[in-house]
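Residue numbers (the working numbering), protein chains in the order written: chain A, 1 to 125; chain B, 1001 to 1125. The beta carbon of each residue, even a glycine, is placed where N, CA and C say it ideally should be.
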């Protein structure tokens, strides 16, 4: 299914920039109504403005040497698709294991945008 | 939007049973291709058979006195909807704060089924 390939390529391209300190790869493909959870959020982040403010504080702060994306899967209908994967990210001193769920929606101009992101640690202590 | 109300009601009904030790409320509304992450999964669980085996081990083990669902939000297209919320669950000894993402899909018989679940701790240690 072509949409799976497209969604995974979008995610990998955004991750590549993320791993080099640049959150704009994700911000550029997020919809205005994006919602967001990660391990540092006190509550769900609602909307691109709030996510932008959150991510700008991280700009230049995060460097990941290498990611292994494990078993990415896309479940899609005409206008929405959910991408899930495990990820191992290798930083300077340690590796971190992640669970990730990304929901993409086809917008009226036919672009696909992220509307929901959920990052969590695999088996946190 | 009527679909938001329907999805939230489905989730609340399944949670009510979950909080009384019964995982079948969720299993009955999961699609065959459901994928699943929580804080104990080593890797993504793929498919209803695997999720059923996982949940059956928890049957009768989990009792939650009360849940507070915070700010549930549904983002929907015709055949898919993503529900996100924070949740505070009050158990016997402590409260636990959760992030949750649920993706529902409208099946060919018009029933809505969960195709993706992601539970994580809010700000894990």
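Using 8 Å as the limit for Cβ to Cβ distance, is residue i near chain B?
i                      : result
residue 123 of chain A : yes
residue 52 of chain A  : no
residue 120 of chain A : yes
Counting only the same chain and skipping the five closest in sequence on each side, list residues whose C-beta sits under 7 Å from that of residue i.
i                       : result
residue 1113 of chain B : 1029, 1030, 1031, 1104, 1105, 1107
residue 1033 of chain B : 1047, 1115
residue 1099 of chain B : 1086, 1120, 1122
residue 1038 of chain B : 1119
residue 1061 of chain B : 1021
Could you pull the start and end residues of the beta strand (DSSP E) that residue i belongs to?
i                       : result
residue 81 of chain A   : 80–90
residue 1120 of chain B : 1112–1121
residue 106 of chain A  : 95–106
Does any C-beta atom of chain A lie closer than 8 Å to the C-beta of residue i?
i                       : result
residue 1079 of chain B : yes
residue 1004 of chain B : no
residue 1070 of chain B : yes
Among the residues of its own chain, which have a CB less than 6 Å from the CB of residue i, if the five just before and after it don't count?
i                     : result
residue 46 of chain A : 35
residue 96 of chain A : 89
residue 7 of chain A  : 74, 81, 83, 104
residue 4 of chain A  : 74
Which same chain residues end up closer than 8 Å to residue i when comparing Cβ atoms and leaving out the 5 residues on each side of it in sequence?
i                       : result
residue 1067 of chain B : 1015, 1019, 1087, 1088, 1089, 1090
residue 1025 of chain B : 1013, 1014, 1015, 1016, 1017, 1018
residue 78 of chain A   : 106
Just the chain E side, please: which residues come within less than 7 Å of residue i by C-beta, in chain order?
i                       : result
residue 1116 of chain B : Looking at the structure shown, chain E is missing, and the protein chains on hand are A and B.
For the alpha helix (DSSP H) holding residue i, just list the boundary residues, first then last.
i                       : result
residue 16 of chain A   : 2–18
residue 1025 of chain B : 1024–1027
What are the complete alpha helix (DSSP H) segments, minimum 4 residues, inside the segment 35–71 of chain A?
48–56
Using a Cβ-Cβ cutoff of 7 Å, what residues of the segment 86–113 of chain A are near chain B? List them in chain order.
86, 99, 101, 103, 105
Give, in chain order, every residue of the segment 28–62 of chain A whose Cβ lies closer than 8 Å to some Cβ of chain B.
33, 35, 37, 39, 40, 41, 42, 43, 44, 46
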